[in-house]
Amino acid sequence: MPESGWGIRHEKRHFPPDQIYEEAVELGLSREKLYRKIVLWKSGILRGQYCVHDYMLQTGPGVIFAMDSFRPDSAYWAQIAQAVYKDEHPIEDLKYVFQCSIINPETMLFVQKSLYVADNGLGWPDDRLRVWEEGCAEYQALLGTRLAKGVVHLVLGAFPRGTRRIARIVTWGGRYIPYIQMRFDIEKV
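In my numbering, the protein residues as written are 11 to 199.
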């Protein structure tokens with residue numbers, strides 16, 4: 011990637027990200043410093059404006075944590091995430107994708123104004139985990155958000171057709187800051 015103008019910074023091993031640490035450990039993911047953190051970036055011009063495409067990921071056995079992804083006009087998050095994960099782990103072992111501290115305006119507005127509403131018996135912010143199972147209307151609507159589409163592309167691109175599904179999407183607000191956290195559970199069909 012450096013030959014194509016991308017900067018890459020490999021960082022030391024980390025614990026799961028602070029904002030979702032407890033949820034990750036409750037799933038049985040390791041609480042040890044074994045998650046590789048990688049930051050990729052590339053500067054460019056988009057519509058006459060300077061911009062930086064960047065991706066910050068942590069990967070470990072069975073999981074991808076996406077902490078930052080900004081792509082005005084560059085490589086897709088799913089392609090980057092799959093390549094980074096496969097560099098150290100068999101893709102067949104991937105079970106969870108976390109989108110951490112979401113600031114994407116489209117996703118934030120949908121979750122806060124359409125999902126966490128009185129009609130659903132919810133209000134924002136809410137730090138309780140809400141599970142949206144495959145087949146329910148809220149699950150389908152969440153899959154239509156930009157960040158969820160990235161995870162869908164990851165699943166479609168990483169696995170043979172018809173072998174994996176996103177069984178559920180879990181959402182919650184941060185305990186200490188009201189950003190949205192999302193978890194996508196990937197299961198064999």
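By construction, the Cβ of each residue, glycine as well, lies at the ideal position given by its N, Cα and C atoms.
The structure displayed is predicted, hence computed values, not measured ones.
Here's the rule: buried if 16 or more other CB atoms are within 10 angstroms of the residue's CB, otherwise exposed. What is residue i?
{"i": "V161", "result": "buried"}
{"i": "I101", "result": "exposed"}
{"i": "Y45", "result": "buried"}
{"i": "S84", "result": "With a pLDDT of 48 at S84, under the threshold of 50, the modelled position of this residue cannot be trusted, and the question is left open."}
{"i": "Q68", "result": "buried"}
{"i": "K43", "result": "exposed"}
{"i": "L166", "result": "exposed"}
{"i": "I30", "result": "buried"}
{"i": "L39", "result": "buried"}
{"i": "I176", "result": "buried"}
{"i": "S124", "result": "exposed"}
{"i": "R174", "result": "buried"}
{"i": "A76", "result": "buried"}
When the Cα atoms are used, what is the spatial distance from residue i to residue j?
{"i": "A93", "j": "V73", "result": "13 Å"}
{"i": "G184", "j": "E33", "result": "11 Å"}
{"i": "F194", "j": "D103", "result": "14 Å"}
{"i": "W182", "j": "G17", "result": "32 Å"}
{"i": "E21", "j": "D97", "result": "15 Å"}
{"i": "A151", "j": "K47", "result": "30 Å"}
Could you check which residue in the options has the C-alpha nearest to that of residue i?
{"i": "R41", "options": "L56, E33 and F25", "result": "F25"}
{"i": "V180", "options": "E144, Q150, R140 and T155", "result": "R140"}
{"i": "G154", "options": "R57, G70 and M118", "result": "M118"}
{"i": "A88", "options": "G15, F169 and K47", "result": "F169"}
{"i": "Q122", "options": "R178, E148 and S53", "result": "E148"}
{"i": "C146", "options": "Q59, D64 and R178", "result": "R178"}
{"i": "L50", "options": "Y95, R19 and K198", "result": "R19"}
Mind checking who residue i pairs with in its DSSP beta bridge?
{"i": "I179", "result": "W142 and F194"}
{"i": "S53", "result": "V62"}
{"i": "H24", "result": "Y45"}
If you pair each beta-carbon of the region 127 to 135 with each one of the region 179 to 197, do three or more pairs fall below 8 Å? yes
Given 8 Å, three or more beta-carbon pairs between the region 160 to 176 and the region 124 to 132
no
Check whether the region 23 to 37 and the region 95 to 111 touch, using three or more Cβ-Cβ pairs below 8 Å as the test. Contact holds: three or more Cβ-Cβ distances are below 8 Å.
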